[in-house]
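*Asks:*
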Amino acid sequence: MSKDYYEILGVKRDADSDEVKKAFRRKAREYHPDQARGDKKEAEKKFKEISEAYEVLGDKQKRQQYDQFGASGQNFGGGQGPGGFDFSGGGFNFGGDAGGFGDIFETFFGGGGGRKTAKGGAMRGNDLEAQLGIKFEDSIFGTTAEFNLTRALKCSHCGGNGAEPGSKIETCKTCKGTGEVTTTRQTVFGAMRHTAVCGDCEGSGKTYEKKCSVCHGTGRERKAEKVKVKIPAGVNDGAVIKLAGQGEAGTHGGPSGDLFIHIRVEASREFERKGNDIYSTQKTSYIQATLGDEIPVKTVYGDVKLRIPAGTQSHQIFKLKNHGAPRLNTSEKGDHLVKILVEIPKKLSRKEKDLFEKLAQEAGIKIKKGGLFE
Ligand SMILES: [Zn+2]
Ligand SMILES: [Zn+2]
184 MSKDYYEILG VKRDADSDEV KKAFRRKARE YHPDQARGDK KEAEKKFKEI
234 SEAYEVLGDK QKRQQYDQFG ASGQNFGGGQ GPGGFDFSGG GFNFGGDAGG
284 FGDIFETFFG GGGGRKTAKG GAMRGNDLEA QLGIKFEDSI FGTTAEFNLT
334 RALKCSHCGG NGAEPGSKIE TCKTCKGTGE VTTTRQTVFG AMRHTAVCGD
384 CEGSGKTYEK KCSVCHGTGR ERKAEKVKVK IPAGVNDGAV IKLAGQGEAG
434 THGGPSGDLF IHIRVEASRE FERKGNDIYS TQKTSYIQAT LGDEIPVKTV
484 YGDVKLRIPA GTQSHQIFKL KNHGAPRLNT SEKGDHLVKI LVEIPKKLSR
534 KEKDLFEKLA QEAGIKIKKG GLFE
């Protein structure tokens, strides 16, 4: 179901960014549709796959997210892809925000490279990042969080086309409505047509008699809006959740960017989490530790009875299997590790004192009356 991007690029899971970059360049050269011998269609498919894999693994944040959620988890792949590569026309259209991988392509194709010119010239909106703090319990059980976000959204007055409603729409004279201006350049791969956005209509192919009075022709307006995000059970501090298409709106009806939500999990007073295991301490009486007993231990799933054997030592650690945090996208759980702290009484009753003296006698220990310092 999910694609293994590491396998596609042929790198190990712990490969550093340099190795990933090198592997990508090697593969991209091999399968570049203008270079590949044999089945062009197959090469094109392969090239897209490689590009998609690199878009994720070449980006520290996306790679981290992929490692945590997999390709299927949070809207990677499937339609999103690296944003329209258009091989059919011979030119390259860098649709969408090529992100980190734009840099590589500019060197790769001899510089200059296309800017964000999607089909029809509309520009994709920016990706946005937001930070979201959640409670420790919510990180274990998952939740749906809501927060306010101010961002550029599609203009509600003109519907995103940038024209004042009712205004006459004319075809752009410079690009004759295509939104693009094409030039030919020489590259290492031979002559290549390069397509850029028409400056006069900013790629829309249309000019308006009157620009929208709200957005002044950009097709966007800034608005505060509630954003809802589903937090999966078991999410860890530092995880990044991608909400595809929830970034800023594109200009002239271009696609929206993505929204990346960085999760911060509040510390818990009782629990500490390492990986999917949860740690806590539990105080217990020296009598129970000595004789052995069943003691209550608080876990994230409620109180659990733990059997401690006779002779349990202070700082001894016991494992409650499957009482840790859920492993993302599985039904598995980590463990809960509880450290026993044996408490020594600070005050004894007369009767307890007598009993201790008898115990001392039994053990052959001579206690100096009145204590050592009196
Ligand atoms: Zn408008
Ligand atoms: Zn134009």
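Its first residue numbered 184, the sequence shown is counted upward by one per residue in the working numbering. The beta-carbon is built from N, C-alpha and C at its ideal position, and this holds for glycine as well. None of the values given here were measured: they were computed from a predicted structure.
Could you give the first and the last residue of the continuous beta strand (DSSP E) run that contains residue 391?
*Replies:* That run of the beta strand (DSSP E) goes 389-391.
*Asks:* Threshold first: 4 residues or longer. Then list the alpha helix (DSSP H) segments lying entirely within the segment 185-253, N to C.
*Replies:* Fully enclosed alpha helix (DSSP H) runs of 4 or longer: 188-192, 200-214 and 223-240.
*Asks:* Which of the three DSSP states, helix, strand or coil, is assigned to residue 404?
*Replies:* Of the three classes helix, strand and coil, the one that applies to residue 404 here is strand, per DSSP.
*Asks:* In whole angstroms, what is the alpha-carbon distance linking residue 291 and residue 213?
*Replies:* In this predicted model, residue 291 has a pLDDT of only 30, less than 50, meaning its place in the structure is not dependable; the value taken from the coordinates is given anyway. Spanning the two alpha carbons is a distance of roughly 13 Å.
*Asks:* Which one or two residues does DSSP pair with residue 519 in a beta bridge?
*Replies:* Looking at the DSSP assignment, residue 519 forms a beta bridge with 461 and 503.
*Asks:* Using a Cβ-based criterion (distance less than 7 Å to any ligand heavy atom), does residue 345 qualify as near ligand 1?
*Replies:* Yes; taking the cut-off as 7 Å, the Cβ of residue 345 has a heavy atom of ligand 1 nearer than that.
*Asks:* Does the Cβ-Cβ distance between residue 408 and residue 332 come in under 8 Å?
*Replies:* It is a contact, given that the beta carbons lie within the stated cut-off.
*Asks:* Using a Cβ-Cβ cut-off of 7 Å (strictly less than) and excluding sequence neighbours within five positions of residue 324, which residues of its own chain qualify?
*Replies:* Only 416 meet the Cβ criterion.
*Asks:* Is residue 378 near ligand 2 - that is, is its Cβ less than 7 Å away from at least one heavy atom of it?
*Replies:* Not under cutoff, so the answer is no.
*Asks:* Using only the alpha-carbon positions, how far apart do residue 349 and residue 359 sit?
*Replies:* Going by the C-alpha atoms only, they are around 22 Å apart.
*Asks:* Mapping the DSSP letters down to three states, classify residue 281 as helix, strand or coil.
*Replies:* Unreliable positioning characterises residue 281 in this predicted model, as indicated by a pLDDT of 33, which lies under 50. The coordinate reading is nonetheless provided below. Looking at residue 281 - three-state DSSP - the assignment turns out to be coil, as it is neither helix nor strand.
*Asks:* Does DSSP classify residue 336 as helix, strand or coil?
*Replies:* Strand.
*Asks:* Determine the DSSP secondary structure at residue 476, reduced to helix, strand or coil.
*Replies:* In this structure, residue 476 counts as strand in the three-state DSSP scheme.
*Asks:* Is the beta carbon of residue 383 within less than 7 Å of some heavy atom of ligand 2?
*Replies:* The answer is yes for residue 383.
*Asks:* For residue 319, which of 538, 527, 530 and 456 has the nearest alpha-carbon?
*Replies:* Of 538, 527, 530 and 456, the residue nearest in Cα terms is 456.
*Asks:* Counting by C-beta, which residues lie closer than 5 Å to a heavy atom of ligand 3, in chain order?
*Replies:* The model on display carries ligand 1 and ligand 2 but not ligand 3.
*Asks:* By Cβ distance, which residues of its chain are closer than 6 Å to residue 442, with the 5 residues on each side in sequence left out?
*Replies:* Within the same chain, residue 442 has close Cβ partners 311, 426, 429 and 430.
*Asks:* Following the continuous alpha helix (DSSP H) through residue 486, name the residue where it begins and the one where it ends.
*Replies:* Where residue 486 is concerned, there is no enclosing alpha helix (DSSP H), although the beta strand (DSSP E) it sits in stretches over 485-491.
*Asks:* Going by DSSP in three states, residue 444 sits in which element: helix, strand or coil?
*Replies:* In this structure, residue 444 counts as strand in the three-state DSSP scheme.
*Asks:* Would a C-beta distance cut-off of 8 Å place residue 522 and residue 498 closer than the cut-off?
*Replies:* Taking 8 Å as the Cβ cut-off, residue 522 and residue 498 qualify as a contacting pair.
*Asks:* Which stretch, first to last residue, makes up the alpha helix (DSSP H) that contains residue 572?
*Replies:* Nothing in the structure corresponds to residue 572, since the chain is present only between 184 and 557.
*Asks:* Using only the heavy atoms of ligand 2, determine whether one of them is closer than 7 Å to the beta carbon of residue 434.
*Replies:* Checking every heavy atom of ligand 2 against the Cβ of residue 434, none is found closer than 7 Å.
*Asks:* Which residues mark the beginning and the end of the alpha helix (DSSP H) in which residue 533 is found?
*Replies:* Segment 533-546, the alpha helix (DSSP H) holding residue 533.
*Asks:* So residue 483 packs on residue 454, CB below 8 Å; how close in whole Å?
*Replies:* Contact holds; Cβ gap of about 6 Å.
*Asks:* Run through DSSP, which three-state label would residue 496 get?
*Replies:* Here residue 496 sits in coil by DSSP.
*Asks:* Can you name, in chain order, every residue of its own chain whose Cβ lies under 7 Å from the Cβ of residue 207, other than the five neighbours on each side?
*Replies:* Once the five neighbours on either side are set aside, the close Cβ partners of residue 207 are 192, 233, 237 and 241.
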